[in-house]
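The opening position of the sequence shown corresponds to residue 1 in the numbering used here, with each subsequent residue numbered one higher.
Inspection log for the structure reproduced underneath, given as structure tokens.
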Amino acid sequence: MLMSRSAYYAWRKRPAKAILAASLNLYRRIKTLFKKSRGSLGNREMIKAQRKEGVVVGRYKVRSIIKSLGLKAVQRQAYKVTTKRKHSDKVADNLLNQNFNTVVPNQMRAGDVTYLKTEEGWRTCIHVV
1 MLMSRSAYYA WRKRPAKAIL AASLNLYRRI KTLFKKSRGS LGNREMIKAQ
51 RKEGVVVGRY KVRSIIKSLG LKAVQRQAYK VTTKRKHSDK VADNLLNQNF
101 NTVVPNQMRA GDVTYLKTEE GWRTCIHVV
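Below is the structure:
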């Protein structure tokens, strides 16, 4: 792309575009809302929050401001329950009581079940000792 020398110097002399006060206020609002939400608001939720405050702004304007500020929304992971405290499953009695010494073969047996995820689906691995 060729440009004449005079056009280049005319372009350099031009003052930089000043950000309007309303746009600057919008930048500040978006930044504070993002901090209040701990980085979880995206552009659509940001618009809803702006409208609750009485500020009417378009989705693409908010999206471009978020992008120019370098803000990225982070989706929080849902809490996952790992154990059940109040389960109705019956717990078996401890008959061996950690005493694994036997007098006669096959007097005591212990077992375990393990579930393995494979390409074909879940498989069960059962151990009997």
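The beta carbon of each residue, even a glycine, is placed where N, CA and C say it ideally should be.
Keep in mind the model is a prediction, meaning the values are calculated, not measured.
How about Leu116 and Arg123: do their beta carbons lie closer than 7 Å?
As a position in the sequence shown, residue 116 is number 116, starting the count at 1. As a position in the sequence shown, residue 123 is number 123, starting the count at 1. In this structure, Leu116 places its C-beta atom within 7 Å of the C-beta atom of Arg123.
Assign Leu24 to buried or exposed, taking buried as 16 or more other Cβ atoms, counted over all protein chains shown, within 10 Å of its Cβ.
Looking up residue 24 in the sequence shown gives position 24. With fewer than 16 Cβ atoms within 10 Å of its Cβ, Leu24 is classed as exposed.
Can you round the beta-carbon distance between Tyr27 and Ile65 to whole angstroms, since I take them to be within the 8 Å contact cut?
The count along the sequence shown starts at 1 and reaches residue 27 at position 27. The count along the sequence shown starts at 1 and reaches residue 65 at position 65. Sure, about 6 Å apart at Cβ, within 8 Å.
Can you look up Leu116 in the DSSP assignment and give me helix, strand or coil?
As a first step, residue 116 is located in the sequence shown; it is residue number 116 there, counting from the start. Here Leu116 sits in strand by DSSP.
Between the CA atoms of Phe34 and Glu45 - distance to the nearest angstrom:
Locating residue 45 in the sequence shown gives position 45, counting from the first residue. Locating residue 34 in the sequence shown gives position 34, counting from the first residue. Cα-Cα distance, rounded: 10 Å.
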